[in-house]
Structures are given as structure tokens and as C-alpha cells.
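Quick note on our numbering: the sequence shown kicks off at 1 and runs consecutively.
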Amino acid sequence: MPRLPQELPQTQTAIEFAERVHAGQHRGDGTSFILHPLEVGSLLYYAGAADYLVAAGVLHDVVEKADVSAAELRERFGPRVTSLVLAVSDDDRIVDYEPRKAALRRQVSGAGEDALVLFAADKLSKLRELRREAAADFGDSVTPGRVRKLRARRVRHYRRSLALLEERIPESPLVRELRDELNVLLRDRDLAAAL
């Protein structure tokens, strides 16, 4: 993501904050965690989103993954960004995956167009991540059954998320990209075998 403080002052501040609070965190594949929020911000930026929405994209995981409170986020970035971050944050009181993701989709659905666009960018980034994981496992003789089950439930969530987004913001370029990415994943027999 370009660093353009004059054009995107809130995003620049969000990048600095997210880099600090996500420092030392890594994804399951060992990559630095911050790459995902930065990708979400980049997707929003290139889709033409306003500064506050790009900033929310960069910050979208700080409450869930970095133990930043909603109050701290509100104090630093204001109510608009905070409400967007909270709109795309899982309810950690719901333990089981399927009900938690269903609640998240309902929450996003009622939070307005900006939240839907942010959700689309997040799901697009996560689906690309899943595709890379499946491609990395392609050469393995057997993908462990547990890994396949976890991936399959993620794909179900992304399909349901796409259905919601196609219904609510069908003209969004992020929704079109999400649809294309999901179709590629599901049509590629080799990748599908790793799911």
C-alpha cells in the first residue's frame, strides 16, 4: 500500500498503529500477520475507498487479534472507524465456528454499505490466503483430514459471505473479484483436492 500521508492521513496513522500492535504476530504459515490487514487496506484503496474506510481495513483485526479495546480504538480513530472495525469482528462469546460466522454475516449485513465493502475486502484477502495454502499442499500425497475439514468450512463461510455481498452490493469490484477467486479455487481440481 502506498504511504501517502497527505492523501490518506488517517490510513497512515492506522498503518503505524497496526504495525505496532500486530508486531511479532504470525499467521499459520509463518508469514507476518500484518500482511493481511495491509492487503485489505490496499484492496480498499485500489477500489477507490475513502481514507476512513481504508484505515478501517488496516485496523479491522486489532480488536480480535491484538487485544485493542473498542474504547482505545474509538479514542485514537473515532467512532466511524471503530464502528466499521466492530462490524466485521467476530463475537468471541460464540464458541462454535458455524454459528459465530453466521452471526458475523448477520452483523455485517445490518451495518451498512461501508461495512459490506470492508467485509468483501477481508474475505477476498482470506480467500487468496486459502488458495495459497491449498497450492502449497498440492504436492503432498495426502492433506490431513482435519486440515481439509477446516478448509471446507472456511469455503462454506466464503460462499455464504459472497451470497450476502452479491445480494447487497452486487456492483462492487471487490465482490466481482471475490466471486472470480472463489470460482478459480473451486474449479481447479488440484487445489480442490487440498481443500
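The C-beta atom is built at its ideal place from N, Cα and C for all residues, glycine as well.
Mind checking if L162 is an interface residue toward chain B, Cβ cutoff 8 angstroms exclusive? The structure shown contains no chain B; it holds only a single protein chain.
DSSP three-state label for H22, please. coil
When the Cα atoms are used, what is the spatial distance from I169 to V175? 7 angstroms
Within 8 angstroms, do at least three Cβ pairs link the region 64 to 72 to the region 10 to 22? yes
Hey, quick one: how far does the alpha helix (DSSP H) through H157 stretch, first residue to last? G145 to R168
Please report the straight-line C-alpha distance between T13 and L86, rounded to a whole angstrom. 19 angstroms
Rounding to the nearest angstrom, what Cα-Cα distance links A71 and Y158 in this structure? 30 angstroms
Could you check whether D122 and H60 sit closer than 8 angstroms to each other, using their CB atoms as the reference points? yes
Whole-number beta carbon distance between Y52 and Q107, since they are thought to touch under 8 angstroms: Contact flag wrong, Cβ pair sits at about 19 angstroms.
State the DSSP-derived secondary structure class of S42, mapped to helix, strand or coil. helix
Are at least three pairs of beta-carbons, each pair with one atom in the region 94 to 105 and one in the region 74 to 81, less than 8 angstroms apart? no
For S32: DSSP bridge partner residues: H26
Taking S83 as part of the alpha helix (DSSP H), name the residues at either end of that continuous run. A70 to A87
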